[in-house]
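Enquirer: Anchor point for the sequence shown: position 116 equals 862 in our numbering, and the numbering is continuous, going up by one each time. Quick one: the structure is below, questions incoming.
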Amino acid sequence: MSDAISRRLPPEFMQLEGLTSTTMSAGVPSTVTIVSGIGYQGERPTQWTTFSGLSTVITTSLDGTELRRTTMAGASTVFDQWIQSRDGRGNIKKLVDMPLTSATQSQDFIYSERSELKSASLSGRVGAYGVLSYAYNSAGDRSSATRGTTTTNYSYVGFKLNNLKQSGASVPLREYIYTANESRPVEVIEPSGLSWKLGYFRGGLGTGLLDGLPSFRNQYSYDGLARRVFREQPMNRVSVQEFWDVDGKLLSEIGYNSIIEANPRPVFDYVYLGGEPVALLTATWDSAGVGPVASVSSGGPLVNGAAYGLHGNHLGATLKATDATQTVVFSAEYEPFGRAVTTGTLNLGSRLPGQFDDLPSTSGPDSFHPIYNGSRIYDSSTGSTSSRNSYSKSRCGYRSTAAVARECLHTRTP
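Next up, the structure:
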């Protein structure tokens, strides 16, 4: 690459140049090759990757702001296209997803003068959330959220979220309980009587219990860097070991079941390029973990040696996964603060960068929905975390670059 081209490209493009090969964990004899590179469309820089027969081209402005993503199946077939436009402050005002196999999806966003998200709308296919509207108090925290014709009001005691209550209702939709010296909730109570008991260990979520459903009790273990290394369901004797890199990216998952010793252990390996997940490699292992099992695991389509392409948006959130035949096996429709409606045969927990939707949850758009986010949990229904004193500041939700979004998601509530 010439020095002239190098000077015209933002630093993140340099990470994508070249050829990347990887093998599955624990020595599974499978190699995946991802070809990537950089180029130009007119004066606009592009970055591209090719994996499993699909080539994705990301087109940006000269300052590195992403404009669109186009995934091609072959030389002339557009498999999917993701287009965005922004206002003068860098906030995304429109997102359009035009896939080959389903209807076009369009999202529109309106912001306040402080770049707080005031309203969002999604239409076009299954999972559409209609129109969402938000209001904020003087501190910039969310004071209400309206979904269609239903408004939910947020009540605070100091900086702590106290309860959620729908307009006209006498019973709170949700209540938060804190200990005297704890800024994180230790219990979340819903009107159905379900109670989430939350315990913390070394700054992370230690245990989570959904009352009335003992099988939903989860325990978590962390390493010295506050990275989760085990998630377990003691009642079912099921556990998953996790391996992370120093930047907080999940590399591998290995599952164990101590009740049925012969049950195959699913293995997930994630492949990253430029900081974004681009592929998922799967396998099953025998009970001793000493070799691959050719059968399909009961937990999903985990065929030994299978590889899936992961397709994300400008924030690095996984939108779709495709198999070797280019069939969509996972699809996620996102609301502005990360709540996702998913479809497909692949059970994939990857969401926004650093977030994995693998915790138990109740159903419904207004139900408490905890998502693992580093050494804390993130509730996508409210845009709040278990470890911050700010709830639902919207300025990070759909900003101009993935780098800004990642910083917000890792360090504060969007």
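We treat Cβ as the ideally placed atom computed from N, Cα and C, and that holds for glycine.
#1: Three-state secondary structure (DSSP) at arginine 983?
#2: What span of residues does the beta strand (DSSP E) with asparagine 964 cover, start to end?
#3: Does the beta carbon of arginine 888 sit closer than 8 Å to a beta carbon anywhere in chain B?
#4: Which residue's Cα is closest to the Cα of leucine 863: Pro845, Asn1093 and Tyr880?
#5: How long is the line joining the alpha carbons of threonine 1071 and valine 917, rounded to whole angstroms?
#6: Quick one: residues in its chain with C-beta nearer than 7 Å to the C-beta of arginine 835, no 5 flanking neighbours on either side, listed in chain order?
#7: Which residues does DSSP list as the beta-bridge partners of lysine 840?
#8: Let me know if leucine 846 comes out buried or exposed under the rule of 16 or more other beta-carbons within 10 Å of its beta-carbon.
#9: Determine the burial state of valine 824: buried for a count of at least 16 other Cβ atoms within 10 Å of its Cβ, exposed for fewer.
#10: Buried or exposed: lysine 911, going by 16 or more other Cβ atoms within 10 Å of its Cβ?
#11: Where does glycine 1045 sit, in a helix, a strand or coil, going by DSSP?
#12: Where do the N-terminal and C-terminal ends of the beta strand (DSSP E) with glutamine 912 fall, by residue?
#13: Please go through the same chain and pick out, in chain order, the residues whose beta-carbon is closer than 7 Å to the beta-carbon of alanine 819, but skip the five residues on each side of it.
#14: Between threonine 1090 and the rest of its own chain, which residues show a CB-CB distance below 6 Å, the 5 nearest in sequence each way excluded?
#15: Do threonine 817 and threonine 802 have their C-beta atoms within less than 8 Å of each other?
#16: Work out the CA separation of alanine 1052 and glycine 1143 for me, nearest whole Å.
#17: Can you tell me whether lysine 1066 is buried or exposed, with buried defined as 16 or more other CB within 10 angstroms of its CB?
#18: Could you tell me the distance, in whole angstroms, from the CA atom of leucine 996 to the CA atom of serine 867?
#19: Considering just the uninterrupted stretch of the beta strand (DSSP E) at threonine 802, what are its terminal residues?
#20: Answer with buried or exposed for serine 913, where buried requires no fewer than 16 other C-beta atoms within 10 angstroms of its C-beta.
#21: With DSSP as the reference, identify every bridge partner of histidine 1057, one or two as the case may be.
#22: Distance, Cα to Cα, threonine 892 vs serine 822?
#23: From valine 1150 to glycine 810, what does the alpha carbon distance come to, in whole angstroms?
#24: So, isoleucine 935 versus serine 929, is the Cβ gap smaller than 8 Å?
#25: Check this for me: beta carbons of glutamate 1081 and leucine 841, under 8 Å apart or not?
#26: Using the Cα positions of alanine 885 and tyrosine 1124, report the straight-line distance between them to the nearest angstrom.
#27: Ends of the beta strand (DSSP E) at alanine 1078?
#28: Please tell me whether glycine 1062 and glutamate 1022 are closer than 8 Å, where the distance is taken between their beta carbons.
Expert: Once the coordinates are examined:
#1: coil
#2: 964-968
#3: Absent from the structure: chain B. Only one protein chain is present.
#4: Tyr880
#5: 50 Å
#6: Ser861
#7: Ser831 and Asp854
#8: exposed
#9: exposed
#10: buried
#11: Residue placement at glycine 1045 cannot be trusted, given a pLDDT of 42 that sits under 50; the coordinates are not used to answer.
#12: 906-912
#13: Gly799, Leu800, Phe825 and Gln1072
#14: Note on identity: in this sequence residue 1090 is glycine, with threonine being the wrong assignment. Cβ neighbours of glycine 1090 beyond the five flanking positions: Val1075, Phe1076 and Ser1077.
#15: yes
#16: Note that glycine 1143 scores a pLDDT of 34, beneath 50, so its modelled location is shaky; the value from the coordinates is reported in the next line. C-alpha separation (whole angstroms): 33 Å.
#17: buried
#18: 31 Å
#19: 800-806
#20: exposed
#21: Lys1066
#22: 42 Å
#23: Residue confidence is low: valine 1150 scores 33 on pLDDT, short of 50, so the model does not pin down where it sits. Its coordinate-derived value is still stated next. So the alpha carbons of these two residues sit roughly 12 Å apart.
#24: no
#25: no
#26: 20 Å
#27: 1074-1080
#28: yes
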